[in-house]
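Each remark here refers to the structure printed beneath this line.
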């Protein structure tokens, strides 16, 4: 019988037969499990939440019905959360229970498989960023950025205290950053954008001896490729501030590696590989220079040897972590996004360097071509800046909310930035529908 | 039971690295639509054919322990069996949407989030819940940030957070991260909070006390009402670390004990796979008075405005203790949902809305089990812990226990005993923690082991414990790797294949 206690209303995942339970209770000298609970009556609860037990089939049917309430729209949405087609083999291999239902690798001898996979993930990020150290994940890009700022606070504490971020930073990143630095001496300030990338002159006058950390994104939140990364890095360097670049692994496959333009830290969203659209769930990328090795937040996997001198992997430099250093730890992160990192590495290894570059090139070409098609429409301007673009770009129209509503009626979702600006993101998942989107925009703005 | 783990490779290494199987260098700038100065000159990565990829990762998987391979009784980690149906539900393509969708077009997702908020509030005896924190430690940080915002809003000048010495290390790191001084509380002789020591530690500076109940040796803090009163009288808040909630399901609720804030490790208590270290999810529940400070946005039914923390004075009063949260609203099918920002929200703790795929599984699991299943989970988890403890040759101080216990290896090295256990087809417990038990082996079998499995587990403990030091030092012998040299890994960090010599 599936679920020994299913018939009695117990947990279907507790495998005890009634006889076993009775024998165990007997061995402990009690009549009932309730006797084992040492809870004062004043705070005891009667066990009734009002949630009925349901069989598996009913739960699945209920939830299928629930999700059917979501409208079926073709999404041209990005702004920090990107989905590419994930090969079926990634789903299959990552769902092997030996990966999926395992825990953090506290006993390396029996968890070599996951440790090696995470070592490989770290290695892929090292290649993509050009930096020698990558951790094996943060929660998402927002947490990675916030942890990078706290790292700056630890290593630059005697001089600067200002964190400089773009004024166009996404609310989720800015809000998370604000909360993380709230307990530190850091103050967050913004620098302006011009033409959807950093306004270099304004940034130059904002950076001074108080600056601990300068953050730049490429592509930016509107998909513009930042042309002045090296100059921004020089500005940060001149004032002994940490230079942090935000990006993602698909973009990094094509764009100049951040280390080559002076980045001390690279953060970003690595879920663009391996993670399907998942309502904002992410994979925080974090890489940095050797200098900060012992200040890196989160987990690191290192190579070692076993007693037979065979190569082996293990979690390492754990004396930075909360379970050893407690309040002096580099961060409080414990559970991370290991399984998502595994999927990202699988996806990267499936595509290989040629496939990754081809995917990235498509992100450039498709964005340019869809922008050009939209720009050709009367009353539509795209893109709204003179930049190269990756996946996405801004679109000028007279009544952006009205156009977006019209598109929604026709089955498309786009971003509304303000009354006159939309943003459109094109990837391999929606490129086929781009002509239909352009036709729908033409209809709506007419 | 003896165990032989799969092992691939040769005398010098296990399964080859991806980079050893294939490595190709390309020039991404060549033929690019982008100008030269924006593109990289070189990208060197492996790229495997699909069959090679399948073999590589299948082999790696076989060199990895999981809860579906056998017992995984890591104390305070609650490694339960993860039901497959929840994975199937989470894979529903209709749930796979972008987080920036117009809320009106993702009513299904909002229905689930709202339903989970309600379930968690009811199970914890809390009034309002945020699902945004992406892990337990992120939940702790969110909870303490909410406490801080509350104190600042009311002009309370607070600088300290009190934490028992036996608490999870994340508590200390979290409090420090939020800018608080940590006051460490020694454990009493009975393994519980020493109420006199607490009395001495509590002051006007106390922002919060962070407490796990049952605590990390499985003991219920019986004086919880007195403890809550002491903290509240000083104007502090009581924070519940939900890591051990599995032991309490349906037996007691943190809200009823006087806790003001709690996080739920839904990946532990509500059984979603831990994925080799994550993702998890760490929703946070609070009492009415704190609801207005929760992260933005939250989900409510259209028409619910004004009742769940979007106003400073919540509808049903909300004293710091003694509130009474009703039963779960289990009927959700026809409601319309919207997002709203709590009035004094601390802002964001995640770039978007948290770890969605984990939240789906938690919701499905709670619906599957219902009241009776949840109650049985805590019953069997507690029965199992006590039964296993009774079978061990090792001394087990304190007790009786709830979900977990800390056996002591005495004059043996707990880490060595754990290595000895690896050859027996089980995963060893958490070792050398908490420090209040010398050479601790913190063990949490959870409800998913039955009598036979527990007896096998006890046998692994007892056999390893009886082995000589020499035998233990030679262990393990049946795993993919023999004893791994962790000292050299830390002394000479080699963190990528780029850092390995050409002789690798």
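Residue numbers (my numbering), protein chains in the order written: chain S, 1 to 446; chain E, 1001 to 1504. Idealized CB from N, CA, C, for every residue including glycine. These figures come from a predicted structure and were not determined experimentally.
Within chain S, the residues that residue i reaches when beta carbons sit closer than 7 Å
i              : result
residue 1302/E : Result: empty, since nearest Cβ-Cβ is about 14 Å, beyond 7 Å.
residue 1237/E : Residues of chain S passing the Cβ test: none, with the nearest at roughly 16 Å.
residue 1412/E : What residue 1412/E touches in chain S: nothing, since even the nearest Cβ is about 17 Å away.
residue 1273/E : 100 and 101
Contacts around residue i, its chain only, beta-carbon distance under 8 Å, and the 5 residues preceding and following it disregarded
i              : result
residue 112/S  : 312 and 313
residue 1025/E : 1042, 1043 and 1044
residue 1313/E : Note that residue 1313/E scores a pLDDT of 33, beneath 50, so its modelled location is shaky; the value from the coordinates is reported in the next line. Closer than 8 Å at the Cβ level, and outside the excluded window around residue 1313/E, lies no residue.
Which residues DSSP lists as bridging residue i, in chain order
i              : result
residue 213/S  : 163/S and 242/S
residue 389/S  : 224/S
residue 415/S  : 423/S
residue 1163/E : 1184/E
residue 70/S   : 1106/E
residue 1284/E : 1130/E and 1263/E
residue 1395/E : 1408/E
residue 1298/E : 1340/E
8 Å Cβ cut-off: residues of chain E touching residue i
i             : result
residue 474/S : No statement about residue 474/S is possible, as the shown extent of chain S runs from 1 to 446 and does not include it.
residue 350/S : 1047, 1048, 1050 and 1053
residue 154/S : What residue 154/S touches in chain E: nothing, since even the nearest Cβ is about 12 Å away.
residue 223/S : Chain E residues near residue 223/S: none, gap ~13 Å exceeds 8 Å.
residue 23/S  : 1451
residue 430/S : Going along chain E, no residue has its Cβ under 8 Å from residue 430/S, so there is no contact; the nearest lies around 10 Å.
Three-way DSSP call (helix, strand, coil) for residue i in this model
i              : result
residue 10/S   : coil
residue 1317/E : Because the pLDDT of residue 1317/E is 30, which lies under 50, any placement of that residue in the model is unreliable, and the question is left without a value.
residue 1386/E : helix
residue 972/E  : Any question about residue 972/E goes unanswered here, given that chain E covers just 1001 to 1504.
residue 198/S  : strand
residue 1003/E : coil
residue 396/S  : strand
residue 20/S   : helix
residue 1092/E : coil
residue 1263/E : strand
residue 100/S  : helix
residue 1338/E : strand
residue 433/S  : helix
residue 1158/E : coil
residue 265/S  : strand
residue 1451/E : helix
residue 172/S  : helix
residue 251/S  : helix
Interface partners of residue i on chain E, CB under 9 Å
i             : result
residue 388/S : 1033, 1034, 1035 and 1038
residue 232/S : Per Cβ cutoff of 9 Å: no residues; residue 232/S is ~14 Å from chain E at best.
Within chain S, partners of residue i - CB distance below 9 Å
i              : result
residue 1485/E : 304, 305, 306, 307, 312 and 314
residue 1123/E : 49 and 51
Interface residues of chain E facing residue i [CB-CB closer than 7 Å]
i             : result
residue 178/S : 1347
residue 67/S  : 1092, 1094, 1095 and 1108
residue 323/S : 1169
Own chain partners of residue i with C-beta closer than 6 Å, once the 5 adjacent residues on each side are dropped
i              : result
residue 1072/E : 1079 and 1427
residue 1455/E : none
residue 1062/E : 1006
Residues of its chain near residue i, where Cβ-Cβ distance is below 7 Å and the 5 sequence neighbours each way are ignored
i              : result
residue 1404/E : 1075, 1076, 1218, 1385, 1442, 1443 and 1444
residue 1316/E : Caution applies to residue 1316/E, whose pLDDT of 33 falls short of 50 and renders its modelled position unreliable; the value that the coordinates give is listed next. So the qualifying residues of the chain are 1288.
residue 1186/E : 1165, 1194 and 1197
residue 1338/E : 1103, 1300 and 1302
Beta-carbon spacing of residue i, residue j below 7 Å
i              : j              : result
residue 1369/E : residue 1281/E : no
residue 247/S  : residue 222/S  : no
residue 196/S  : residue 387/S  : yes
residue 1105/E : residue 1140/E : no
residue 1273/E : residue 100/S  : yes
residue 1495/E : residue 300/S  : yes
residue 1137/E : residue 324/S  : no
residue 431/S  : residue 375/S  : no
residue 1464/E : residue 1420/E : yes
residue 133/S  : residue 244/S  : no
residue 423/S  : residue 417/S  : yes
Contacts that residue i makes with chain S (C-beta to C-beta distance below 8 Å)
i              : result
residue 1343/E : Near residue 1343/E there are no residues of chain S at all, since even the closest Cβ is about 16 Å away, more than 8 Å.
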